[in-house]
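Novice: So in the numbering used here, the last one in the sequence shown is 337, and the numbering has no gaps at all. Just passing along the structure, written as structure tokens.
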Amino acid sequence: MPYPQRLLNRGEHINLDLHPHWVVFVKPGSVVVILLALVVYAQQLGDGWFKTGVVRVLLVALLLALIGLVTVVLRWSRTYFVVTSQRVIFREGVLARRGVEIPLERVNNVNFAQSILERMLGAGDLLIESASEDGQQLFGDIRNPEQVQNMIHEAIHARTGKSADASPVVAQLERLEAMLHRGSITQSEFDEQKRKLLG
């Protein structure tokens, strides 16, 4: 299910619309398959109260695992990671909802991390540092996080006209300015660091 167009601002368009990577289904799906195999195996046991008890316990566990899997599927279908022409949007939840929006102008840095297994599967985590109260937002189970990182940089460039390849001094000055706006450093600390950077 795509991100609802009615939630976009006027003139805003979607550059990227993702649900979490399918890897979120591995654990609950594996539990269901294992329990199903155990139920089939338990049916092969001899007759008697032991077999009946084991099968009933396994069926209850299988039912609970299926409910868990359905919950994961519903949560997956209602979780969005969206990059638009104006902002990065994250929404999740079925009944209770939670969301994060980061305007592209406030994005200072985008990092990604992948384990070896995640790299083979095309999944990973994305960390967005912004000049906001929260400072950093970590988004897990993102599909192709390196490509998403590049798309965010391209969207920032298109929105602000800033080059994604700005010099290190400019990038450091922007980070310092963001820290000043957040209140992480004082004006005098900002001025001192700026003097050092500009020589």
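Just so it is clear, CB atoms sit at the ideal spot from N, CA and C, and this is done for glycine as well. All figures in this text were calculated on a predicted structure; none of them were measured in a lab.
1) Under DSSP, the beta strand (DSSP E) around P241 begins and ends at which residues?
2) Indicate whether the contact test is met: 3 or more Cβ pairs, each with one atom in the segment 163 to 171 and one in the segment 284 to 301, closer than 8 Å.
3) Please work out which residues of its chain come closer than 7 Å, Cβ to Cβ, to P158, disregarding the five sequence neighbours upstream and downstream, and give them in chain order.
4) Hey, R244 and A203 are a contact pair by Cβ (cut 8 Å); roughly how many whole angstroms apart?
5) Have a look at F219, V238, V193, L183 and flag the residue whose alpha-carbon is nearest the alpha-carbon of D272.
6) I'd like to check one pair, N147 with V221: are the Cβ atoms closer than 9 Å?
7) Whose C-beta lies closer than 6 Å to the C-beta of P166 among residues of the same chain, with five residues either side of it excluded?
8) Among the candidates D155, T298, R225, D263, whose CA atom is the shortest distance from the CA of V161?
9) Thinking C-beta only, is L265 closer than 9 Å to Q275?
Specialist: Well, looking at it:
1) Residues 236 to 241.
2) Counting Cβ pairs under 8 Å, fewer than three are found: no touch.
3) Cβ neighbours of P158 beyond the five flanking positions: W214, T217, D279.
4) A Cβ-Cβ distance of about 42 Å is found for the pair R244 and A203, leaving them out of contact under the 8 Å criterion.
5) The option with the nearest alpha carbon to D272 is V238.
6) No, these two residues do not count as a Cβ contact at 9 Å.
7) Leaving aside the five residues that flank P166 on each side, the residues in its chain whose CB is nearer than 6 Å to its CB run, in chain order, G206, L207, V210.
8) The shortest C-alpha to C-alpha distance from V161 to any of D155, T298, R225, D263 is the one to D263.
9) Yes. Within cutoff.
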